[in-house]
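In our numbering, the protein residues as written are 1 to 158.
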């Protein structure tokens with residue numbers, strides 16, 4: 001079971017001479033929406049995003065599975081990934097809810113795999129766990145490594 005913590009919204013910044021500046025127009029809008037002003041002091045978590053080469057790997061895995069496994073036929077790549085996350089409790093946050101007359105239930109909430117939400121090491125663990133889950137449950141003739149390799153050939157070089 002791989003669990004990740006819910007993270008706050010991240011805004012892309014670019015290193016400039018002696019400072020950090022918004023990396024693009026969307027980041028500028030997000031900063032303005034938060035009503036930040038020149039001279040404000042902010043606390044930030046600075047992280048470099050994962051390798052762009054792997055940016056699309058997760059959704060390409062979804063495509064490979066929809067094209068090759070009947071259980072995923074007709075599903076979009078995003079829906080495939082969320083199903084795998086919930087089934088395998090991979091990259092999920094578990095929330096306990098009390099239901100009158102039934103008691104407590106655990107709800108698995110799949111966390112975002114987006115480029116800005118998950119660092120490379122954690123992303124690699126999640127993708128590896130998804131491939132292992134697929135190999136064990138849906139595609140026993142393929143190893144987790146073979147499944148990941150099939151998905152990775154869809155990734156465009158950086």
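Don't be surprised by glycine CBs; every beta carbon is placed ideally from N, CA and C.
Need the endpoints of the beta strand (DSSP E) that residue i sits in, please.
i: residue 77; result: Taken as a continuous stretch (DSSP letters only), residue 77 belongs to no beta strand (DSSP E), being part of the alpha helix (DSSP H) at 77-88.
Going by DSSP in three states, residue i sits in which element: helix, strand or coil?
i: residue 159; result: One cannot answer for residue 159 here, as it falls past the ends of the chain, which runs 1 to 158.
i: residue 108; result: strand
i: residue 148; result: helix
i: residue 126; result: helix
For a quick check, are the C-beta atoms of residue i and residue j less than 9 Å apart?
i: residue 49; j: residue 122; result: no
i: residue 133; j: residue 76; result: no
i: residue 106; j: residue 94; result: yes
i: residue 152; j: residue 57; result: yes
So, under 8 Å CB-CB, residue i and residue j are touching, yes? Tell me the CB distance rounded to an integer number of Å.
i: residue 90; j: residue 129; result: 5 Å
i: residue 108; j: residue 86; result: 5 Å
What are the boundary residues of the alpha helix (DSSP H) that residue i is part of?
i: residue 29; result: 25-33
i: residue 153; result: Element bounds for residue 153: n/a, residue is neither H nor E.
So who's on the other strand from residue i, going by DSSP bridges?
i: residue 99; result: 103
i: residue 22; result: 13
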